[in-house]
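**Q** Got a structure for you, written out below as structure tokens; questions coming shortly.
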Amino acid sequence: MTEQHTATRALTTREVVKPTPADLMEDTGTGLDFGTRPDRLPGHLTPTDRFFIRNHAPTPRLDPTAWTLRIEGGGVRVPVSYTYDDLWSRFPMISVVRTLECAGNRRALFAEEVGARFEGTQWGRGAVGTAEWTGVRLRDLLEPAGITSRACEIMPESLDAVRARRPMPLAKALADDTLLAVAMNGEILPPDHGFPARIVVSGWLGAASIKWVGRIEVSERPLHVPWNTRDYVLIGPGHPPEGTPITGVPVSALVELPWPGRLRPGPQIVRGRAFAGERPVVAVDYRIDHDPWRPAVLTTPGTAGAWARWQFHWNPRPGDHVIRVRASDDQGRSQPDSSPWNALGYCQNAVLAHPVMVG
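Have a look at this one:
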């Protein structure tokens, strides 16, 4: 068991700030991690009050007047520091709509799929959400420091109790949509979502979007930390003994019904979301029981880094049914019938058999 998982599982008290009522969010039992109920998603964006929380330590309470961001390391010519006011007054702001998903999303369903229990947060389907993030492009903050010609990795570091951190390649850090965000859905970042500032890394696993950032290291060599060597790596067949660090997340789909679902008989619309990480979703198909696969309708266009919405009409008869949904991205990758096994239960993306009782 990793150090992060040991610390998480040892907690018995709730250590987040915002309310997490059961009618909006799913309690994983760690005191730190709360998922969004899929049947409580009213629009394209996930409301902030029900956006999932994934913490490695209790939510820190930080004073923006005392906060600074340091950019330093062997990969810069001159270390620089910024205050919270600097972010608002010295740099252009942009807004992007991006989906964040924990690599461990659906871990509990993965365990059911393979008949074994995985360590780590026992997520259902709720460790995914989409928001409008507003902030400064990370490259604009890095530029005054003078990136050296040999710089290869950028590593944001959190101000939480465990100093969560995860490196990314320089090219990803300099991308147009890699941000240091200060606002979420048009409001100042809430404490649980990274106030005063957090990284948003488009299309990558949620662990790369470090919250409560206080330091960014620029390195001329690859960086190895627990978050890319012991956690958030794929260990198993097809991977080296030390594991493969997870970057982008695989294509998957979500039905906006409880598990199991309950519906009335008669004509109705079944809705959901599909996400493919760095790639856009271009198609979603559905299957009822043993019927043939049919195309669902995409009601919002798939874009790189953000989920697409889909729906289909159904006139169910009373009784027990199973809905299966399969999403595909623009590279022709679709959800498999079974998830590739890995020791830590990451990246479950097999087609789910969603039970639904109609009566």
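Positions 1 to 359 (the UniProt record's numbering) are the ones given, in order, by the sequence shown. Ideal Cβ placement from N, Cα and C applies to all residues, glycine included.
1. In chain order, what residues of the same chain lie with their CB nearer than 8 Å to the CB of Thr229, ignoring the 5 residues before and after it?
2. Starting from Thr299, trace the beta strand (DSSP E) both ways and give me its first and last residue.
3. Just mark Gln4 as buried or exposed, buried being the case when its beta carbon has 16 or more other beta carbons within 10 Å.
4. Using 9 Å as the threshold, is the C-beta distance between Arg324 and Val351 below it?
5. Considering only residues of the same chain and omitting the five flanking positions on each side of Pro280, which have a CB-CB separation below 6 Å?
6. For His313, which residues does DSSP report across the bridge?
7. Would Leu109 count as contacting chain C if we go by Cβ distances under 9 Å?
8. Does DSSP put Tyr84 in a helix, in a strand, or in coil?
9. Could you tell me if Ile188 is buried or exposed, where buried requires 16 or more neighbouring beta carbons within 10 angstroms of its beta carbon?
10. Under 9 Å, do Ala133 and Lys172 count as touching if we go by C-beta distance?
11. Could you name the residues that DSSP lists as bridge partners for Phe275?
12. Using C-beta distances below 6 Å, list every residue in its chain close to Arg262, excluding the 5 sequence neighbours before and after it, in chain order.
13. I need the boundaries of the beta strand (DSSP E) containing Pro156, first residue and last residue.
14. Among Thr46, Pro156 and Gly214, which residue has its Cα nearest to the Cα of residue 360?
15. Does DSSP put Pro226 in a helix, a strand or coil?
16. Do you know how far the Cα of Arg137 is from the Cα of Ile147?
17. Assign Ala59 to one of three DSSP states: helix, strand, or coil.
18. Could you check the C-alpha separation between Phe110 and Gly120 for me, to the nearest Å?
19. Once the 5 residues before and after Arg107 are set aside, which same chain residues still bring their CB inside 8 Å of it?
20. By DSSP, does Gly135 sit in helix, in strand, or in coil?
**A** On the basis of the coordinates in this document:
1. For this step, residue 229 is matched to residue 229 along the sequence shown. Taken in chain order, the residues that qualify are Glu242, Gly243 and Pro245.
2. Taking the first residue of the sequence shown as 1, we reach residue 299 at position 299. Neither: Thr299 is in no beta strand (DSSP E) and is coded neither H nor E.
3. Reading the sequence shown from its first residue, position 4 is the one you call residue 4. Here the model assigns Gln4 a pLDDT of 44, short of 50, so the residue's position is not dependable, and the following value carries that caveat. So Gln4 counts as buried.
4. Start at 1 with the first residue of the sequence shown, and residue 324 comes out as number 324. Start at 1 with the first residue of the sequence shown, and residue 351 comes out as number 351. Cβ distance < 9 Å, so Arg324 and Val351 count as in contact.
5. Taking the sequence shown and counting its residues from 1, one reaches residue 280 at position 280. Same-chain partners within the cutoff: Gly302, Thr303, Ala304 and Asp330.
6. Here the question's residue 313 lines up with position 313 in the sequence shown. In the DSSP output, where bridge partners are listed per residue, His313 has Ile269.
7. Of the chains in the structure shown, none is chain C; there is only one protein chain.
8. Residue numbering aside, residue 84 sits at position 84 when the sequence shown is read from its first letter. Reduced to three states, the DSSP call for Tyr84 is helix.
9. Stepping through the sequence shown from its first residue, residue 188 is reached at position 188. Exposed: under 16 other Cβ atoms inside 10 Å.
10. Residue numbering aside, residue 133 sits at position 133 when the sequence shown is read from its first letter. Residue numbering aside, residue 172 sits at position 172 when the sequence shown is read from its first letter. Contrary to the premise, residue 133 reads as Trp rather than Ala in this sequence. In this structure, Lys172 does not lie closer than 9 Å to Trp133 by Cβ.
11. As a first step, residue 275 is located in the sequence shown; it is residue number 275 there, counting from the start. According to DSSP, which records beta bridges pairwise, Phe275 is partnered with Ser252.
12. For the purposes of this step, residue 262 is taken as residue 262 along the sequence shown, with counting starting at 1. Contacts found: Met357.
13. Mapped onto the sequence shown, residue 156 falls at position 156. Element bounds for Pro156: Glu153 to Ser158.
14. Any question about residue 360 goes unanswered here, given that the chain covers just 1 to 359.
15. The residue given as residue 226 occupies position 226 in the sequence shown. When secondary structure is reduced to three states using DSSP, Pro226 falls in the helix class.
16. By 1-based counting over the sequence shown, the position of residue 147 is 147. By 1-based counting over the sequence shown, the position of residue 137 is 137. When rounded, the distance between both Cα atoms is 15 Å.
17. Within the sequence shown, numbered from 1, the residue matching residue 59 stands at position 59. It is Thr, not Ala, that sits at residue 59 in the sequence shown. In this structure, Thr59 counts as coil in the three-state DSSP scheme.
18. Counting from one through the sequence shown, the residue named residue 110 turns up at place 110. Counting from one through the sequence shown, the residue named residue 120 turns up at place 120. When rounded, the distance between both Cα atoms is 12 Å.
19. In the sequence shown, the residue the question calls residue 107 occupies position 107. Hits under 8 Å: Phe118, Gly120, Thr121, Gln122, Trp123, Gly345, Tyr346 and Gln348.
20. Position 135 of the sequence shown, counting from 1, holds the residue named residue 135. Three-state result, Gly135: strand.
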